[in-house]
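Some notes on the structure that comes next.
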Amino acid sequence: MKFSANLGFLWTDRSLPDAIRAARAAGFDAVECHWPYDVPAAKVGAALTETGLSMLGLNTRRGDVPAGENGLSALPGREDEARAAIDEAIAYARAIGTANIHVMAGFAEGDDARRAYCANLAYACEKAAPLGITILIEPLNSYDAPGYFLSTTDQALEIIAEVGAPNLRLMFDCYHVQLMEGDITNRLTRLLPSIGHVQIASVPDRGAPDHGELDYGHVFRTLESIGWRAPVGAEYKPGRPTDETLGWLTARG
């Protein structure tokens, strides 16, 4: 297995370029992040070139964070803001060679939200396709993100089918899926054709993937058996200095 360090949670005590260097030193095969926009793309790109790592993915902006927003694309009436966030993400991804963008839905419900979300995703896919960029959507569990528009893989598959774009895929976060649906082995196998990225964390505490109710040794063997070859994203909350939580990574093999 290959692994990607999610720098939204790991080495957050460092600048993004220094976190990239730390991930390389720790033995990760790639990196990913949440919202890199406060750091000039040139600095991030230089760190990626220096380390030889690729940035697998980044997120669109959440919106008004102090007001509690967590994405814009499923918010009716906010289409201009949502599409500006999509444009910004695509421009940043293009500058640093990132292949995936997670378009965040936000807190919303109902038919109007679904229409807004699908329209904004179609816009994102159309803009991203000529650049070879994949658009990802991620169901979030309703314990951590109550009211988030997208909460299950079945709902995500319906959205993907409705939009109908070949570069729209599912971000399968084992932590979120286990909390909402379980049956990780069968879901990974069945949904593989629609999956664009896989992420991991322990359940239920979202710590390092070396404890909890999910046996990640089994999950990794499942991914290998079904032909998954891309790096798996380690998106967990370390709870202490990141380097102290990497026993699961150094023991891989």
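Residue numbers are given in the working numbering: position 217 of the sequence shown equals residue 228, and the series is strictly consecutive.
All C-beta atoms, glycine included, are put in the ideal place defined by N, C-alpha and C.
{"Asked": "Would you call Glu246 buried or exposed, if buried means 16 or more other Cβ atoms sit within 10 Å of its Cβ?", "Found": "buried"}
{"Asked": "Give me the Cα-Cα distance between Thr62 and Arg35, rounded to the nearest whole angstrom.", "Found": "6 Å"}
{"Asked": "Mind listing, in chain order, the continuous beta strand (DSSP E) runs of no fewer than 3 residues lying wholly within the segment 28–77?", "Found": "41–43 and 68–70"}
{"Asked": "For Tyr128, count the other beta carbons within 10 Å of its own beta carbon; 16 or more makes it buried, fewer makes it exposed. Which is it?", "Found": "buried"}
{"Asked": "Quick test of the definition: if touching needs 3 or more C-beta pairs under 8 Å, does the segment 69–85 touch the segment 52–60?", "Found": "no"}
{"Asked": "Figure out for me which residue from Ile171, Leu225, Ile170 and Ile31 has the closest Cα to the Cα of Cys185.", "Found": "Leu225"}
{"Asked": "If contacts are defined as beta-carbon pairs under 8 Å, then Ala274 and Leu18 qualify, I think. What distance do you get, rounded to the angstrom?", "Found": "As displayed, the chain neither begins before 12 nor continues past 264, which places residue 274 out of reach and without an answer."}
{"Asked": "Note down, in chain order, each residue of its chain lying with its Cβ closer than 8 Å to the Cβ of Ala110, except the 5 sequence neighbours on either side.", "Found": "Ser65, Leu67, Gly68, Ala104, Gly143, Ile144 and Thr145"}
{"Asked": "Pull the bridge partners of Met182 from the DSSP assignment, please.", "Found": "His208"}
{"Asked": "How would you label Pro220, buried or exposed, when you count the other beta carbons within 10 angstroms and need 16 or more for buried?", "Found": "buried"}
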